[in-house]
Every structure is written in structure tokens, then in C-alpha cells.
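The block underneath contains the structure these notes are about, expressed in C-alpha cells.
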Amino acid sequence: MPGRVLVITSGKGGVGKTTTTANLGTGLAIAGQKVCLVDADIGLRNLDVVMGLENRIVYDLVEVVEGNCKLRNALIKHKRNDNLFLLPAAQTREKDAVSPEQMKGLCEQLAAEFDFVLVDSPAGIEHGFRNAIAGADEAIIVTTPEVSAVRDADRIIGMLEAHELFSPKLIINRLRPEMVKRGDMMDVQDVIEILAIDLLGVVPDDQAVIVATNRGEPVVFDEKSLSAAAYRNIVGRILGEDIPQMDFEPESMLEKLRRLVPLRFSRRKAN
Amino acid sequence: MSARGSVVLKGSRNNGVTIVIRDDADFNDVIAELRAKLGQARRFMGGAPLHLDTGTRPVTTEEFLALNKVAQEFGLIILENEGVRSMPAKSAEDPGVTSAHQFAGSRSGSYDAARQGGTKEEESNTLLHKRTLRSGQRIDYDGNVVVLGDVNPGAVINCTGDILVFGTLRGVAHAGAQGNAKAVVVAFRLEPTQLRIAQYISRAPDGETAAPTGPEMALVKDDQIQIEVYAC
Numbered sequence: 376m377p378g379r380v381l382v383i384t385s386g387k388g389g390v391g392k393t394t395t396t397a398n399l400g401t402g403l404a405i406a407g408q409k410v411c412l413v414d415a416d417i418g419l420r421n422l423d424v425v426m427g428l429e430n431r432i433v434y435d436l437v438e439v440v441e442g443n444c445k446l447r448n449a450l451i452k453h454k455r456n457d458n459l460f461l462l463p464a465a466q467t468r469e470k471d472a473v474s475p476e477q478m479k480g481l482c483e484q485l486a487a488e489f490d491f492v493l494v495d496s497p498a499g500i501e502h503g504f505r506n507a508i509a510g511a512d513e514a515i516i517v518t519t520p521e522v523s524a525v526r527d528a529d530r531i532i533g534m535l536e537a538h539e540l541f542s543p544k545l546i547i548n549r550l551r552p553e554m555v556k557r558g559d560m561m562d563v564q565d566v567i568e569i570l571a572i573d574l575l576g577v578v579p580d581d582q583a584v585i586v587a588t589n590r591g592e593p594v595v596f597d598e599k600s601l602s603a604a605a606y607r608n609i610v611g612r613i614l615g616e617d618i619p620q621m622d623f624e625p626e627s628m629l630e631k632l633r634r635l636v637p638l639r640f641s642r643r644k645a646n
Numbered sequence: 006m007s008a009r010g011s012v013v014l015k016g017s018r019n020n021g022v023t024i025v026i027r028d029d030a031d032f033n034d035v036i037a038e039l040r041a042k043l044g045q046a047r048r049f050m051g052g053a054p055l056h057l058d059t060g061t062r063p064v065t066t067e068e069f070l071a072l073n074k075v076a077q078e079f080g081l082i083i084l085e086n087e088g089v090r091s092m093p094a095k096s097a098e099d100p101g102v103t104s105a106h107q108f109a110g111s112r113s114g115s116y117d118a119a120r121q122g123g124t125k126e127e128e129s130n131t132l133l134h135k136r137t138l139r140s141g142q143r144i145d146y147d148g149n150v151v152v153l154g155d156v157n158p159g160a161v162i163n164c165t166g167d168i169l170v171f172g173t174l175r176g177v178a179h180a181g182a183q184g185n186a187k188a189v190v191v192a193f194r195l196e197p198t199q200l201r202i203a204q205y206i207s208r209a210p211d212g213e214t215a216a217p218t219g220p221e222m223a224l225v226k227d228d229q230i231q232i233e234v235y236a237c
């Protein structure tokens with residue numbers, strides 16, 4: 376049975392598509408799934424940097440579709456997890472170096488070998504976006520709780536439907552409970568009300584993400600961080616587990632998370 | 006690829022108008038768009054001197070003549086003193102190394118010959134790139150490449166000869182790309198993402214490493230790429 380091909384997209388730039396792709400892929404690999412990450416952001420590649428694999432790139436996606444190298448030779452195995460592979464984008468080419476049909480073929484090839492293929496989409500709704508979604512069976516929309524990001528996410532959901540990718544799942548990234556409490560930020564319900572799609576998870580704003588990204592190690596490796604717990608929950612939901620949404624009740628958020636996180640990840644000693 | 010954006014006309018008060026050609030643009034698109042743009046700009050061009058800036062794109066004599074023919078349709082002439090010059094039209098001792106990118110035929114690789122104890126070397130050209138090479142930019146060249154500036158991560162230099170960087174090399178450098186394992190990579194600060202010489206590949210170790218404190222040279226020794234302190 377072929378694996379699942381998921382595209383991670385958002386419309387708006389800077390909401391955390393690449394970080395989300397890296398963390399979900401790593402999380403799935405930690406959970407024992409064989410995962411291939413595909414960077415479809417040709418010309419502005421980042422996923423290799425976030426994964427800390429930039430210096431291992433020899434061949435890239437464009438060279439694979441142009442037939443200059445075998446797919447197997449372009450795949451980079453992650454240094455810490457043998458289940459996790461990356462197909463890097465070309466940096467010195469442009470988006471139109473690849474066609475949606477070629478991407479579709481590539482995703483089919485990968486799905487035959489991997490349990491999960493996660494495609495990191497570029498920002499925007501142009502050629503690069505159409506490439507990214509061409510081979511996908513499912514879509515994950517990443518948004519931040521901002522009016523502009525939600526607006527773009529809404530546009531993307533419409534475009535996905537036009538490409539017969541129905542019922543995408545939503546990840547709300549960089550939520551700041553204290554701002555929601557003050558009424559300065561949209562809360563989860565506000566976003567869901569507008570987009571009306573299933574919520575896959577909420578990732579709180581977390582400085583650990585920035586530290587991890589700069590170090591080239593996805594934050595999901597970090598047992599202690601809040602965002603890592605959120606990503607692990609999302610991974611569980613992708614795998615079909617029934618995990619309740621994290622509670623971001625502002626006044627008791629810290630206490631609740633302190634209570635919830637050790638329970639879910641028993642590697643940490645109980646108090 | 007659409008023709009739009011292949012050509013940009015840049016005006017300056019002192020220097021007339023520069024035709025900037027995108028590196029990867031299709032040449033037919035370039036011709037078509039140049040004709041359209043010169044047509045639109047006809048009124049204010051008024052005999053201004055035209056220059057050509059083709060970035061890292063090599064321009065053959067034929068292409069240069071074709072561009073000039075378009076310019077002549079509008080009563081204009083592309084001057085030769087700016088940007089790229091058609092291949093080895095000039096010799097190495099020509100002092101015209103003031104332009105942004107210059108292709109000059111060096112004299113039968115005298116530098117190579119000296120280094121390799123006078124072995125016979127094929128004629129090799131040298132490309133001088135006088136600015137920092139940034140992420141996504143690449144130089145592919147049949148000959149040596151000299152960069153006066155840095156080579157940032159995400160940038161690629163791929164050439165058949167040696168690579169010299171008078172700055173910090175942080176990107177990917179491939180010297181001796183056609184299989185010349187005697188090629189070297191020299192940089193004022195050598196901190197590459199990846200180094201390739203002929204068929205050999207090496208990459209930076211993972212994690213933090215001490216930054217180099219002086220010029221270094223990478224070369225193939227005992228079937229692997231080694232880095233040495235560069236001493237003249």
C-alpha cells in the first residue's frame with residue numbers, strides 16, 4: 376500500500392510551514408514511520424537548513440526530475456534518525472524548472488517507498504504552490520492567529536478544493552495565550568469559525584523553536600519544550616490516535632501544561 | 006519561461022543606460038524584450054550611451070552583435086566598456102579589468118603551468134566576479150573563477166579550473182569539475198558548506214567548528230580533499 380502524501384501549505388509566508396514540516400516529519404519518524412520530506416520551495420529552499428542537512432546536499436529535486444540523477448541518490452538520510460529522509464530543493468533554479476506533472480510522478484515514486492511523504496510548499500499561490508500540491512493526497516494548512524494569515528489560509532483552502540484536495544486539516548501556529556487572554560489575539564475558536572475545517576492542533580509560540588531551528592535540529596527532539604509536546608500530539612493525531620486538544624485556558628495554562636506534558640510523555644519523571 | 010523580466014534598462018545620470026540581462030534568460034526572449042523596451046523608451050533614450058550587464062552569463066560574440074543590431078534599430082550603440090565582453094577578444098594584459106565581470110583569455114595558463122611544474126596545460130580562461138555571490142546565485146565557468154567578495158551559503162561555484170575567493174567562502178565550491186583533481190580552492194577564509202574537487206566531495210563537520218584565522222587552500226591529497234594553510 377502506498378504511503379500518504381501530505382502537503383503543508385499556508386498561502387502567507389512566514390507562518391511556519393517549513394518548521395511545521397520539519398517537526399511533523401521528525402515526529403513521525405520518531406514514531407517509527409518511514410518519512411520523506413520534500414522541499415518544493417525551489418529557489419528559496421530552507422528545509423535543509425532547518426533540518427541541519429545543508430552540507431550533505433549533492434543532488435536536488437530538479438536534478439531528479441530532469442533525469443540527471445537517481446531519486447535514491449538525491450535523498451539525504453537524517454543524521455539522528457534512520458527513518459527520516461530529505462529530498463532538497465534546488466537553490467539556484469526557479470520554480471518553473473519543475474512541472475506539476477513531474478511533481479506528481481515524483482510523489483508517486485516516493486509514496487511507494489515511504490509511509491509518509493511531506494511536501495513543504497512555498498508561500499504564494501503561483502507555480503510553486505501548484506507544484507507542491509500536485510502529488511498530494513491530503514493537505515495541512517498552517518496559519519497564525521492573525522487576520523492576514525487566516526485570510527490567506529481561506530484563499531488556499533478554496534484553491535485546494537479547486538484541485539480536488541478536500542477537507543484539509545488546520546494547524547494554528549504561534550498562539551500566545553496571554554495575548555488571547557488580553558483580547559489582543561484571535562483565539563482558536565475565532566480562526567476555526569472563519570475557516571471551518573478540522574483542527575489538527577495548536578502550537579504555542581515558543582522561543583525553543585527559534586533556538587532549535589537555528590541549530591538545525593527540529594524542536595520536536597526537545598523533550599521539555601511546550602511546542603515539541605504540541606507537535607508530538609499532532610503527529611499522534613495524524614496517525615489516527617484520539618488525543619484531546621491541549622488546553623490553552625489562559626489563567627491556568629502553565630499549571631495545566633505542567634500537568635499534561637509529563638503525563639503524555641512518561642520519559643519525564645513524575646513528581 | 007515568459008519573456009518578461011529577461012531584460013531591465015537601468016538609467017544613471019553619468020553613465021547612460023545599462024541593459025541588465027537576467028542570467029538564465031532565454032536569448033530569444035532577451036532580444037524580443039530588448040526591442041520592446043527600447044521601443045517604449047525611445048523618447049527619453051535620445052542617443053544615451055548604452056552599456057551591457059549580463060551578470061554571470063557568458064555572452065558570445067554572436068549574441069553581442071545580435072544585441073547591438075537591436076540597439077541600432079533605434080539608433081543606439083552598445084558600448085563595449087561595461088559589463089561582460091565577448092569571450093577571449095582581449096588578452097590578459099589588457100588593463101580593462103575594471104568592469105563588473107570580465108572574461109579574459111589568460112596566456113596559456115601560465116599560472117597553472119608554474120604551479121604544476123611546467124606540465125602542459127590547456128588554455129584556460131579566468132572569470133573575475135567583483136561582488137559577493139549570494140544564496141541562489143551560481144557561477145558555472147569553463148576555466149578559473151576569482152571572486153572579490155564573499156560566497157554565501159546557498160551560492161554555488163562550479164568551474165573546470167581553480168577557485169580563488171578573496172573573502173569568505175561559505176557556499177558550495179566545485180573546482181576541477183571536468184575531472185581535474187589538481188584543481189585547488191583557495192579562500193581568504195575557507196568555511197564552505199561543501200567542497201568538491203573533481204570527483205571528490207567533502208563537507209563541513211557537524212556542529213560548531215573553530216573559524217579559520219587565515220587564508221587556506223583545499224586540494225586533493227591521498228584520494229581525499231585536504232585543507233592546508235595557504236602560503237605563497
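Going line by line, the protein sequences match chains A and B. The first sequence begins at 376 in my numbering and counts up one residue at a time. The second sequence begins at 6 in my numbering and counts up one residue at a time. For glycine and all other residues, C-beta sits at the position ideal for the given N, C-alpha and C.
Asked: Residues of the stretch 129-154 of chain B with Cβ closer than 8 Å to any Cβ of chain A, in chain order; Found: 140, 141, 142 and 143
Asked: Exposure label - residue 546 (chain A); buried when at least 16 CB within 10 Å; Found: buried
Asked: Neighbour list for residue 418 (chain A) in chain B, Cβ cutoff strictly below 8 Å; Found: 141
Asked: Integer-rounded CB distance, given that residue 486 (chain A) should sit under 8 Å from residue 380 (chain A); Found: 5 Å
Asked: Beta-carbon proximity of residue 489 (chain A) to residue 409 (chain A), cut-off 8 Å; Found: yes
Asked: Cβ-based neighbour list, residue 394 (chain A), same chain, cut-off 7 Å, excluding 5 preceding and 5 following; Found: 425, 584 and 588
Asked: Cβ contact check for the stretch 437-449 of chain A and the stretch 503-521 of chain A: 3 or more pairs under 8 Å; Found: no
Asked: Beta-carbon proximity check, residue 567 (chain A) vs residue 399 (chain A), cutoff 8 Å; Found: no
Asked: Residue 486 (chain A) (DSSP reduced to helix, strand or coil); Found: helix
Asked: Within chain A, partners of residue 203 (chain B) - CB distance below 8 Å; Found: Within 8 Å Cβ-Cβ: nothing; residue 203 (chain B) doesn't reach chain A, min ~14 Å.
Asked: Inter-residue Cα distance where the pair is residue 600 (chain A) and residue 542 (chain A); Found: 30 Å
Asked: Simplified DSSP state of residue 438 (chain A), which is helix, strand or coil; Found: helix
Asked: Touch test, the stretch 558-565 of chain A against the stretch 591-599 of chain A, Cβ-Cβ under 8 Å, three pairs minimum; Found: no
Asked: Contact the stretch 420-437 of chain A vs the stretch 531-542 of chain A: 3+ CB pairs below 8 Å; Found: no
Asked: Where residue 408 (chain A) sits in the DSSP three-state scheme; Found: coil
Asked: Inter-residue Cα distance where the pair is residue 151 (chain B) and residue 527 (chain A); Found: 44 Å
Asked: Under the three-state DSSP convention, the category residue 239 (chain B) falls into; Found: With chain B covering 6 to 237 only, the question about residue 239 (chain B) has no answer from this structure.
Asked: Proximal chain B residues relative to residue 387 (chain A), where beta-carbon distance stays under 7 Å; Found: By Cβ distance, chain B contributes nothing, its closest Cβ being about 22 Å from residue 387 (chain A), past 7 Å.
Asked: Contacts around residue 195 (chain B), its chain only, beta-carbon distance under 7 Å, and the 5 residues preceding and following it disregarded; Found: 174, 217, 221, 223 and 232
Asked: Residue 579 (chain A) - partner residues in DSSP beta bridges; Found: A:550
Asked: Classification of residue 383 (chain A) by the beta-carbon crowding that lies within 10 angstroms, buried from 16 upward; Found: buried
Asked: Buried versus exposed, by CB contacts within 10 Å (16 or more), residue 497 (chain A); Found: buried
Asked: Assigned exposure category for residue 621 (chain A) - 16 Cβ within 10 Å defines buried; Found: buried
Asked: Chain B contact for residue 454 (chain A) (CB, 8 Å cutoff); Found: yes
Asked: Coarse secondary structure for residue 606 (chain A), derived from DSSP in three states; Found: helix
Asked: Interface partners of residue 466 (chain A) on chain B, CB under 7 Å; Found: 140, 141 and 159
Asked: Whole-number beta carbon distance between residue 579 (chain A) and residue 602 (chain A), since they are thought to touch under 8 Å; Found: 6 Å
Asked: Reduced DSSP category for residue 517 (chain A) - H, G, I as helix; E, B as strand; rest coil; Found: strand
Asked: Cα-Cα separation between residue 90 (chain B) and residue 514 (chain A), rounded to whole angstroms; Found: Below a pLDDT of 50, predicted positions are generally treated as unreliable, and residue 90 (chain B), at 37, falls in that range; the measurement from the model is reported next regardless. Going from the Cα of residue 90 (chain B) to the Cα of residue 514 (chain A) covers about 50 Å.
Asked: Beta carbon proximity, residue 429 (chain A) to chain B, threshold 8 Å; Found: yes
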